[in-house]
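Undergrad: Under this note's numbering, read the sequence shown as residues 3 to 233, first letter to last. Cβ coordinates follow ideal geometry from the N, Cα and C atoms, glycine included.
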Amino acid sequence: MAQKILIVEDELNIAQLLQLYLEKEGFETQTAPNGGKAVELFRSFDPDLVLLDIMLPVMDGWSVLKKIRAESKVPVIMLTAKGETDDRVTGLEQGADDYIVKPFETKEVLARIRAVLRRTQGEGETAGERKLSFDKLTINLDAYELIVDGKKIDTPPKELELLFHLASSPNRVFTRNQLLDEVWGFDYFGDSRTVDVHIKRLREKLEGISEAWSLKTVWGVGYKFEVLGQG
């Protein structure tokens with residue numbers, strides 16, 4: 003069964019280009035020319051992934067993303083013409099899984115889509131391998147749940163994947179580029195702000211919960227999930 007992608011783009015030529023290319027690659031697609039139609043189609047089409055432009059009529063991309071995240075964790079890739087760090091950071095903070103700056107190559111879009119779908123659908127992983135437990139902390143990637151001190155904490159998928167990746171190798175130091183490659187699954191061309199934003203958000207959720215573990219910055223190198231008593 004073909005995976006479904008919702009393309010939300012008000013520039014007709016771009017929307018048609020993406021639709022033709024993705025359908026040629028075996029995806030089923032629908033297009034929405036504005037934010038209002040995007041929300042409507044999201045609910046009726048039930049896509050596996052959303053390509054979401056930021057600048058849209060009726061309702062902008064941020065508002066659409068907020069509505070999607072209120073009811074679903076389906077992966078969302080933001081499309082932005084600006085290429086500004088603030089736009090990218092805003093999207094990541096609000097729960098986007100990735101971003102692509104216009105103008106883009108269709109092969110880049112395809113690579114990003116496939117990487118995001120691989121991560122979110124857990125290809126090659128079996129049940130029982132994706133749950134980690136520490137003092138007052140459970141990271142369940144099968145159910146996409148973060149349990150902190152007995153309470154379920156609403157966490158965007160990419161934050162959870164990053165935390166799981168770090169915690170899977172306690173006390174190992176990862177560079178930002180390693181994390182971009184291993185968690186995001188695509189070359190981000192050195193845009194380390196992506197990792198920093200997610201670490202900041204995770205720390206806000208985890209700070210002061212336990213003295214047995216912590217998210218540590220290794221200055222000049224990267225980050226690690228430090229667990230006391232483990233080498």
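Among all the DSSP beta bridges, which residues are the ones paired with L217?
TA: DSSP, once it has assigned bridges, lists F227 as partnering L217.
Undergrad: Hey, could you find the ends of the beta strand (DSSP E) Q32 is sitting in?
TA: E30 to A34 is the span of the beta strand (DSSP E), which, as asked, contains Q32.
Undergrad: Kindly indicate the opening and closing residues of the alpha helix (DSSP H) around V185.
TA: Per DSSP, V185 belongs to no alpha helix (DSSP H) and is neither H nor E.
Undergrad: DSSP beta-bridge partners for D100?
TA: Answer is I79, bridged to D100.
Undergrad: Measure the alpha-carbon distance for D12 versus T177 and round it to whole angstroms.
TA: Answer to the nearest angstrom: the Cα atoms are 38 Å apart.
Undergrad: Expressed to the nearest angstrom, what Euclidean distance is found between the alpha-carbon atoms of N15 and T33?
TA: Cα-Cα distance, rounded: 12 Å.
Undergrad: Whole angstroms is fine: what's the gap from L181's alpha carbon to P172's?
TA: Approximately 14 Å between the Cα atoms of the pair.
Undergrad: Assuming the contact rule is C-beta atoms closer than 8 Å, L217 and R205 should be a hit. Round their C-beta distance to whole Å, please.
TA: Indeed they touch by this definition, with Cβ atoms about 6 Å apart.
Undergrad: Please report how far the alpha carbon of K68 lies from the alpha carbon of A113, in whole angstroms.
TA: When rounded, the distance between both Cα atoms is 25 Å.
Undergrad: According to DSSP, is T140 helix, strand or coil?
TA: Strand.
Undergrad: Any chance the CB of D151 is under 7 Å from a heavy atom of the ligand MG?
TA: You won't find the ligand MG in this model; it holds no ligand whatsoever.
Undergrad: Taking all protein chains shown into account, do 16 or more other C-beta atoms lie within 10 angstroms of the C-beta of K226, making it buried, or fewer, making it exposed?
TA: It counts as buried.
Undergrad: In terms of DSSP beta bridges, what is F176 paired with?
TA: DSSP output for F176 lists Y225 as bridge partner(s).
Undergrad: Quick one: give me the first and last residue of the alpha helix (DSSP H) that I70 is part of.
TA: Looking at the DSSP string, the run of the alpha helix (DSSP H) that includes I70 is G63 to E73.
Undergrad: Please determine, among R195, K138 and W221, the residue with the shortest C-alpha to C-alpha distance to E209.
TA: Checking every option, the nearest Cα to that of E209 belongs to K138.
Undergrad: Helix, strand or coil: how does DSSP classify L58 here?
TA: It is coil, neither helix nor strand.
Undergrad: If you count every other CB in all the chains shown that lies within 10 Å of the CB of W215, and 16 or more means buried, which is it?
TA: W215 is buried by the Cβ-count criterion.
Undergrad: Let me check one thing: in DSSP terms, what residues is S171 bridge-paired to?
TA: Paired residues: none, contrary to the question.
Undergrad: Out of R71, A83 and P158, state which residue places its alpha-carbon closest to the alpha-carbon of I201.
TA: For I201, the nearest C-alpha among the options comes from P158.
Undergrad: Could you check where the beta strand (DSSP E) with I9 kicks off and where it finishes?
TA: Here the beta strand (DSSP E) through I9 covers K6 to V10.
Undergrad: Measuring alpha carbon to alpha carbon, tell me which of R71, E27 and K104 ends up nearest L81.
TA: Closest by alpha carbon: K104.
Undergrad: By the DSSP assignment, the beta strand (DSSP E) with I149 in it spans what residues?
TA: Here the beta strand (DSSP E) through I149 covers E147 to V150.
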